[in-house]
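Asker:
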Amino acid sequence: MAFNSSLVGFFLFLALFFGHGIASHHVYKDLQTFQHTSVAANQDQPYRTGYHFQPPRNWINGPMVYKGLYHLFYQYNPKGAVWGNIVWAHSTSKDLINWTPHDPAIYPSQPSDINGCWSGSATILPSGKPVILYTGINPQNKQVQNLAMPKNISDPYLKEWTKSPKNPLMQPTAQNQINASSFRDPTTAWLGPDKYWRVVIGNKLNHEGRAILYKSKDFLNWVQAKTPLHSVEGNGMWECPDFFPVSINGQNGVDTSVIGQSVKHVLKVSLDDTKHEYYTIGSYDITKDVYSPDKGSVESDLGLRYDYGKFYASKTFFDSVKNRRILWGWINESSSQADDIKKGWAGVQAIPRKIWLGKSGKQLIQWPIVEIEKQRENHVTIPKKLLKGGSVIEISGVTAAQADVDISFKISDFEKAEELKPSWTNPQLLCSQKGASVKGGLGPFGLLALASKDRKENTAVFFRIFKGQNKYVVLMCSDQSRSSLNEDNDKTTYGAFLDVDPRHEKLSLRSLIDHSIVESFGGGGKVCITARVYPTLAINSNAHLYVFNNGSEAVQIEKLNAWSMKKAKLT
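According to mature numbering (1 follows the signal peptide of the UniProt record, and there is no 0), the stretch in the sequence shown is residues -23 to -1, 1 to 548, in order.
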């Protein structure tokens, strides 16, 4: 069955975390109103992004999008760069890149949310009316689920919202034995063929991660299902769950209520214990209301992830106007809390990504939305060129601190590929052990982004090819070990194995570089790794961009295109 929400559709997710990727629902009472008075919103700051969305100052952590006119309702602390004093700030956009701010939309005002309005999602009712289910914190600090509605449905800007007098609609009780401190982040609801709405809420029971299912006929009176939609022992708390269908044919998105033979379903969870996300692809039995991952699925953060770097609390929505599913994610800080207060702000949204099921049916593919290409200028290209072992070539002519670069490599000789040892099963650990400075046979080769002129500072994004059993294995890494001379920053190196056969396919790498962010897409979006870095030398006009090969064997640059990126309108 398909529920048609072609008029409008939107989502909201408000994840709560801070610092070196650490999820937190803690209020820093001693810091939440601390202001760094020397920081002005319009002051030139080397780490503020040029085309990634962030507010002018203080703390952000979650967007919402309303179709036709895109909206971001995000949790925002107007008084400090840590979590606390939260209101729902509001910005709108026509293209998901350039944004106009509005007055804050939602404040804690009812007993069911008096101690906080936390994460949630939105759904379009058959009448076309948008509604939001969100987690509130009541006077007993219990997590409960509430409903909000626009005051004026004809207002395209959705400036004013009202809350249901029936709130809370779902809450922990002695009967349901739900953990009152682990019951949050309702998903977008979907409508079944029985005309019942369904919604999933993140939860844990002891150390079992659970997606608790509720059903409702009228969106006001909700009944908990006898069993969760899905659960996994040992995962801990499931934050920001997301459950949606993907077409098995082509790249087009489908409405959240679509079920049947033409789609597979995806369940994504954010793990509170590890601060990573993972997703599985599987089947949804609408009769039993049970989700079953496909055989062979790894149900932990060692499995499939949207992004293997700084990326958390993600959420998708179906864009019916352009017939695509869009993924939003949160890039949290790698700097210390003290540095965040000094900067006067914390938090950035990743560039929205189109997401679809790959041809293998075994993983999702992601790619930056096409709208970002309107920010390109000063095109530079390098024709086919042999990149000899040990060589470094500067990509000049673009603003290296704010750029989009797309490169593809071709490998002809695999004789010197390193042997992949059976124990090398953890790609992140392997990237840490074999970083950009460690010479190999075929690799490392790739990009040095946000690099100083002497390359003492750089964020390396690269490939390394190994000889496995009956195949060649491609490792993709984002090496942040030399990203900054500031030792207080988190410099974790990230990596993943890329499902590409380099004998028959070119190795492609696209990186969006934005002052303190390097979002990289390998293999046409099969692997994505986001870096959050704070160079001390490679800032603004002192940043450089290089293509390098630190392996012993030459690789062929098949094509290289790079652009400077114009600043987006963000305030």
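From the three backbone atoms N, C-alpha and C, an ideal C-beta is built for every residue, glycine too.
#1: In chain order, what residues of the same chain have a beta carbon less than 8 Å from the beta carbon of residue 401, not counting five sequence neighbours either side?
#2: Tell me which residues share the same chain as residue 470 and place their Cβ nearer than 8 Å to its Cβ, disregarding the 5 neighbours each side in the sequence.
#3: Out of 123, 279, 301, state which residue places its alpha-carbon closest to the alpha-carbon of residue 95.
#4: Who are the Cβ neighbours of residue 27 in its own chain at under 6 Å, not counting the five residues just before and after it?
#5: Which residues share a DSSP beta bridge with residue 66?
#6: Residue 359 and residue 345 look like a contact to me (Cβ under 8 Å); what is the Cβ gap, rounded to whole Å?
#7: Starting from the Cα of residue 465, find the closest Cα among 426, 511, 75, 489 and give me that residue.
#8: If you reduce the DSSP assignment to three classes, tell me which class residue 359 lands in.
#9: Is residue 535 helix, strand or coil by DSSP?
#10: Comparing the CB of residue 531 with every heavy atom of the ligand ZN, is any distance shorter than 6 Å?
#11: Where are the alpha helix (DSSP H) runs, 4 residues long or more, that stay fully inside the stretch 358 to 416, in chain order?
#12: Is it buried or exposed for residue 24, if we count other Cβ within 10 angstroms and need 16 for buried?
#13: Check whether the stretch 350 to 358 touches the stretch 246 to 253, taking contact to mean three or more Cβ pairs, one atom from each stretch, closer than 8 Å.
#14: What is the rounded straight-line gap between the Cα of residue 397 and the Cα of residue 448?
#15: I want to see whether chain B comes within less than 7 Å of residue 450, judged by CB atoms only; does it?
#16: Beta-carbon separation of residue 163 and residue 86 under 7 Å?
#17: Three-state secondary structure (DSSP) at residue 185?
#18: Rounded to whole angstroms, what is the Cα-Cα separation between residue 528 and residue 450?
#19: What residue range is occupied by the uninterrupted beta strand (DSSP E) comprising residue 115?
#20: Between 384, 114, 212, 477, which has its C-alpha nearest residue 364's C-alpha?
#21: Looking at the structure shown, is residue 349 part of a helix, part of a strand, or coil, going by DSSP?
#22: Looking at the structure shown, is residue 458 part of a helix, part of a strand, or coil, going by DSSP?
#23: For residue 376, which option in 214, 536, 111, 540 has the closest C-alpha, if you only look at C-alpha atoms?
#24: Alpha carbon to alpha carbon, how far is residue 106 from residue 174? Give it in angstroms, no decimals.
#25: Between the beta-carbon of residue 176 and the beta-carbon of residue 145, is there less than 7 Å?
#26: Taking residue 517 as the reference, give the member of 474, 430, 69, 484 with the closest Cα.
#27: Compare the Cα-Cα distances from residue 468 to each of 435, 66, 186, 193 and report the closest residue.
#28: Please classify residue 517: does DSSP put it in a helix, a strand, or coil?
#29: Suppose you measure from the CA of residue 185 to the CA of residue 210; what does that come to, to the nearest Å?
#30: Can you give the Cα-Cα distance for residue 287 and residue 508, rounded to whole angstroms?
#31: Sorted by chain position, which residues of the same chain lie with C-beta nearer than 7 Å to residue 153's C-beta, five sequence neighbours on each side aside?
#32: Locate the beta strand (DSSP E) running through residue 90, then write down its first and last residues.
#33: Would residue 280 be called buried (16 or more neighbouring beta carbons within 10 Å of its own) or exposed?
#34: On the DSSP bridge list, what partners appear for residue 260?
#35: Helix, strand or coil, according to DSSP, for residue 214 in the structure here?
#36: Residue 155: buried (16+ other C-beta within 10 angstroms of its C-beta) or exposed?
Answerer: By the coordinates alone:
#1: As a first step, residue 401 must be located in the sequence shown, where it is residue number 424. Closer than 8 Å at Cβ, skipping near neighbours: 407, 443.
#2: Numbered from its first residue, the sequence shown carries residue 470 at position 493. Cβ within range, chain order: 405, 408, 409, 412, 454, 455, 456, 457, 458.
#3: Here residue 95 refers to the residue found at position 118 of the sequence shown. The candidate whose alpha carbon is nearest that of residue 95 is 123.
#4: Sequence index remark: in the sequence shown, residue 27 carries index 50 (1-based). Excluding sequence neighbours, residue 27 sits near 379, 491, 544.
#5: For the purposes of this step, residue 66 is identified with residue 89 of the sequence shown, where counting begins at 1. Looking at the DSSP assignment, residue 66 forms a beta bridge with 51.
#6: Position 382 of the sequence shown holds residue 359. Position 368 of the sequence shown holds residue 345. About 21 Å separates the CB atoms of residue 359 and residue 345; that is not less than 8 Å, and the two are not in contact.
#7: Sequence index remark: in the sequence shown, residue 465 carries index 488 (1-based). Measuring from the Cα of residue 465, the nearest candidate turns out to be 511.
#8: The residue labelled residue 359 in the question sits at position 382 within the sequence shown. Note: residue 359 maps to strand in three-state DSSP.
#9: Position 558 of the sequence shown, counting from 1, holds the residue named residue 535. Note: residue 535 maps to strand in three-state DSSP.
#10: Of ligands this structure carries none, so the ligand ZN is not represented either.
#11: Entirely contained in the stretch 358 to 416, the alpha helix (DSSP H) runs reaching 4 residues are, in chain order, 404 to 410.
#12: As a first step, residue 24 must be located in the sequence shown, where it is residue number 47. When all chains shown are included, residue 24 counts as buried.
#13: no
#14: The sequence position of residue 397 within the sequence shown is 420, counting from 1. The sequence position of residue 448 within the sequence shown is 471, counting from 1. Straight-line Cα distance between these residues: approximately 10 Å.
#15: You won't find chain B in this structure, because it holds only one protein chain.
#16: Here residue 163 is taken as the residue at index 186 of the sequence shown, counted from 1. Here residue 86 is taken as the residue at index 109 of the sequence shown, counted from 1. Going by C-beta atoms, residue 163 is not nearer than 7 Å to residue 86.
#17: Reading the sequence shown from its first residue, position 208 is the one you call residue 185. Note: residue 185 maps to strand in three-state DSSP.
#18: Locating residue 528 in the sequence shown gives position 551, where the first residue counts as 1. Locating residue 450 in the sequence shown gives position 473, where the first residue counts as 1. Computed Cα separation, rounded: 16 Å.
#19: Looking up residue 115 in the sequence shown gives position 138. Neither: residue 115 is in no beta strand (DSSP E) and is coded neither H nor E.
#20: Here residue 364 refers to the residue found at position 387 of the sequence shown. Answer by Cα proximity: 384.
#21: Counting from 1 along the sequence shown, the entry for residue 349 is found at position 372. Helix.
#22: Here residue 458 is taken as the residue at index 481 of the sequence shown, counted from 1. Coil.
#23: Counted from its first residue, the sequence shown places residue 376 at position 399. Out of 214, 536, 111, 540, 540 has the C-alpha closest to the C-alpha of residue 376.
#24: Against the sequence shown, residue 174 aligns to sequence position 197. Against the sequence shown, residue 106 aligns to sequence position 129. C-alpha separation (whole angstroms): 15 Å.
#25: By 1-based counting over the sequence shown, the position of residue 176 is 199. By 1-based counting over the sequence shown, the position of residue 145 is 168. No, these two residues do not count as a Cβ contact at 7 Å.
#26: On the sequence shown, position 540 is the one that residue 517 refers to. The candidate whose alpha carbon is nearest that of residue 517 is 430.
#27: The residue labelled residue 468 in the question sits at position 491 within the sequence shown. Nearest C-alpha to residue 468: 435.
#28: Here residue 517 refers to the residue found at position 540 of the sequence shown. Correct three-state label for residue 517: helix.
#29: As a working mapping, residue 185 is identified with position 208 in the sequence shown. As a working mapping, residue 210 is identified with position 233 in the sequence shown. Residue 185 and residue 210: Cα-Cα distance of roughly 4 Å.
#30: Numbered from its first residue, the sequence shown carries residue 287 at position 310. Numbered from its first residue, the sequence shown carries residue 508 at position 531. Whole-angstrom Cα-Cα distance: 6 Å.
#31: As a working note, residue 153 is residue 176 in the sequence shown. Cβ within range, chain order: 201.
#32: On the sequence shown, position 113 is the one that residue 90 refers to. From DSSP, residue 90 is part of no beta strand (DSSP E); its letter is neither H nor E.
#33: What you label residue 280 is simply residue 303 of the sequence shown in a count that begins at 1. Flag for residue 280 reads exposed.
#34: As a working mapping, residue 260 is identified with position 283 in the sequence shown. BP columns for residue 260 point to 269.
#35: As a working note, residue 214 is residue 237 in the sequence shown. Collapsing the DSSP output to three states places residue 214 in coil.
#36: Here the question's residue 155 lines up with position 178 in the sequence shown. That one is buried.
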